[in-house]
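For reference, the structure is listed below as structure tokens.
Protein chains: 2
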Amino acid sequence: MAASKDPRPCSIADTLALVGEKHSLLVLREVCLGNGRFDQLVRNIGAPRDILATRLRRLVDAGILVKQPYSERPQRFEYRPTQAGLELEPVLMTLMAWGDRHLRGDGDRPMVLEHSCGQALAPVVTCRACGDEVRHEDLTARPQAPGWTVTGPTAA
Amino acid sequence: MAASKDPRPCSIADTLALVGEKHSLLVLREVCLGNGRFDQLVRNIGAPRDILATRLRRLVDAGILVKQPYSERPQRFEYRPTQAGLELEPVLMTLMAWGDRHLRGDGDRPMVLEHSCGQALAPVVTCRACGDEVRHEDLTARPQAPGWTVTGPTAA
DNA sequence: TACCGTGAGTTCGGATTTCCTACTCACCGG
DNA sequence: CCGGTGAGTAGGAAATCCGAACTCACGGTA
Chain A
1 MAASKDPRPC SIADTLALVG EKHSLLVLRE VCLGNGRFDQ LVRNIGAPRD
51 ILATRLRRLV DAGILVKQPY SERPQRFEYR PTQAGLELEP VLMTLMAWGD
101 RHLRGDGDRP MVLEHSCGQA LAPVVTCRAC GDEVRHEDLT ARPQAPGWTV
151 TGPTAA
Chain B
1 MAASKDPRPC SIADTLALVG EKHSLLVLRE VCLGNGRFDQ LVRNIGAPRD
51 ILATRLRRLV DAGILVKQPY SERPQRFEYR PTQAGLELEP VLMTLMAWGD
101 RHLRGDGDRP MVLEHSCGQA LAPVVTCRAC GDEVRHEDLT ARPQAPGWTV
151 TGPTAA
């Protein structure tokens, strides 16, 4: 059997089709950090300039970034996150937390996010409805399209 | 200036180096859903078999998945998430929530995750220390390595 | 026994992407 | 006039990805 031509319909896949290409999420990281200029992005991300240009176009088209002039004469631009872009920050936070936890010995975190409460941020995903921390065992997947089953009873 | 050879040290980048290749997070999605067999993965993800084989090896090496036999004679395997793999689920949840919100008109969500509280899951990222929902403006980035500044005052 | 089907991959050549280096173009400051 | 900066584009080599076909071990069935 070949790779199916119509895989499971899924918002994860759709989102990754927009921001899952190499470097895209790092662009978003820098832009959220306030480093939105082209050469800053090149330096801080380490991506070739041409891919960066391609990624930026795509992210702007998708409404995740906007390209704003910060100086006329000479024309200079800066990329900034839109509201939709900012709403992707939780993805970055959870990725960073995972990397800090699993890829590094403690004490060598390359960056700490400080929350307004004064503590270093440890992000926790909770349920909007009940407020509890979400754990794998507490989830049941309900595919809405026919034919797309899920095998595990405690599926997520 | 060329693409810098030493970009910003960052756990987001490190994590993406492991799970950011094409299809990797979809593998994790299926495995978390309980669909851990090779041909299920091929069908549900829509990736070529050889790439899937490569991704699976990499994810197993990284300790995100384990390859477990579910039948001797004939030998048959199933991939399952490790604890570390399960800890990546928040990334999937936030990606899915974003896609549902921004890429689809309401009412056509391809999958709903039901939380044990009985409601459809709407994931919210909160601060472990104070419990509040984390918002962009409440974060301050503190790079730990020298030279890696952040320009915005309200950087995240 | 012969044959077909399934699970779990591997192999192959070709199509895409990415990468790297260099180049452009517009402007500014001295 | 000269060098530097910001924001890219151009071109070819290198790495990845893709689709289809092939393997191999087994199990069922007729």
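Chains as they are written, first to last, in UniProt numbering: chain A, 1 to 156; chain B, 1 to 156.
For each residue, glycine too, the CB sits at the ideal point set by N, CA and C.
No experiment lies behind these values; they were computed from the predicted model shown.
Contact criterion: CB-CB distance below 8 Å. Does S11(A) meet it with respect to chain B? yes
is_contact[M1(B), chain A] using C-beta, thresh 8 Å: Caution applies to M1(B), whose pLDDT of 41 falls short of 50 and renders its modelled position unreliable; the value that the coordinates give is listed next. It does: the Cβ of M1(B) has a partner Cβ on chain A nearer than 8 Å.
Range of the contiguous alpha helix (DSSP H) that encloses Q83(B): 83-86
Below 6 Å CB to CB, which residues in the same chain sit around V60(A) once its five sequence neighbours on both sides are set aside? K67
Over the uninterrupted beta strand (DSSP E) stretch that includes A122(B), give me the two end residues. Premise fails: A122(B) is in no beta strand (DSSP E) and is neither H nor E.
D6(B) - DSSP class collapsed to helix/strand/coil: coil
Would you say V112(A) lies against chain B (beta-carbon separation less than 8 Å)? yes
Three CB pairs or more closer than 8 Å across the region 32-43 of chain B and the region 22-33 of chain A: no
Among the residues of its own chain, which have a CB less than 7 Å from the CB of C10(A), if the five just before and after it don't count? none
Pair every Cβ in the region 113-127 of chain A with every Cβ in the region 122-133 of chain B, then say whether three or more of these pairs are closer than 8 Å. yes
Cα-Cα separation between H102(B) and G46(A), rounded to whole angstroms: 29 Å
Against V91(A), what residues of chain B qualify as contacts under a CB-to-CB distance less than 8 Å, listed in chain order? V91, T94, L95, W98
Residue span of the beta strand (DSSP E) that contains L113(B), given as start and end: 111-115
For chain A, check one thing: does any of its Cβ atoms lie closer than 8 Å to the Cβ of G46(B)? yes
In chain B, which residues lie less than 7 Å from P69(A) when you measure between Cβ atoms? The premise fails here: P69(A) is roughly 17 Å from chain B at the closest Cβ pair, so nothing lies under 7 Å.
Range covered by the beta strand (DSSP E) that runs through G140(A): This sequence places Thr at residue 140(A); Gly is not what is there. Start and end: 139-143.
Three CB pairs or more closer than 8 Å across the region 74-88 of chain A and the region 107-115 of chain A: no
Smallest Cα separation from Q83(A): which of I64(A), Y70(A), R8(A), A97(A)? I64(A)
Would you say V27(A) faces chain B, with C-beta separation under 8 Å as the test? no
Kindly indicate which three-state DSSP category Q40(A) falls into: helix, strand or coil? helix
Residues that A84(A) contacts on chain B, provided the C-beta gap is smaller than 9 Å: W98, R101, H102
Backbone CA spacing between M1(B) and G36(A) [nearest angstrom]: Reliability of the predicted coordinates at M1(B) is poor, the pLDDT of 41 falling under 50, and the value obtained from them is presented with this limitation in mind. Taking the straight line from one Cα to the other gives about 17 Å.
What residues from the region 115-130 of chain A come within 9 Å of chain B, judged by C-beta to C-beta, listed N to C? H115, S116, C117, G118, Q119, A120, L121, A122, P123, V124, V125, T126, C127, R128, A129, C130
Would a check of beta-carbon distances place D61(A) closer than 8 Å to chain B? no
Rounded straight-line distance, which links the Cα of L16(A) to that of P153(B): Residue confidence is low: P153(B) scores 47 on pLDDT, short of 50, so the model does not pin down where it sits. Its coordinate-derived value is still stated next. One C-alpha to the other measures close to 29 Å.
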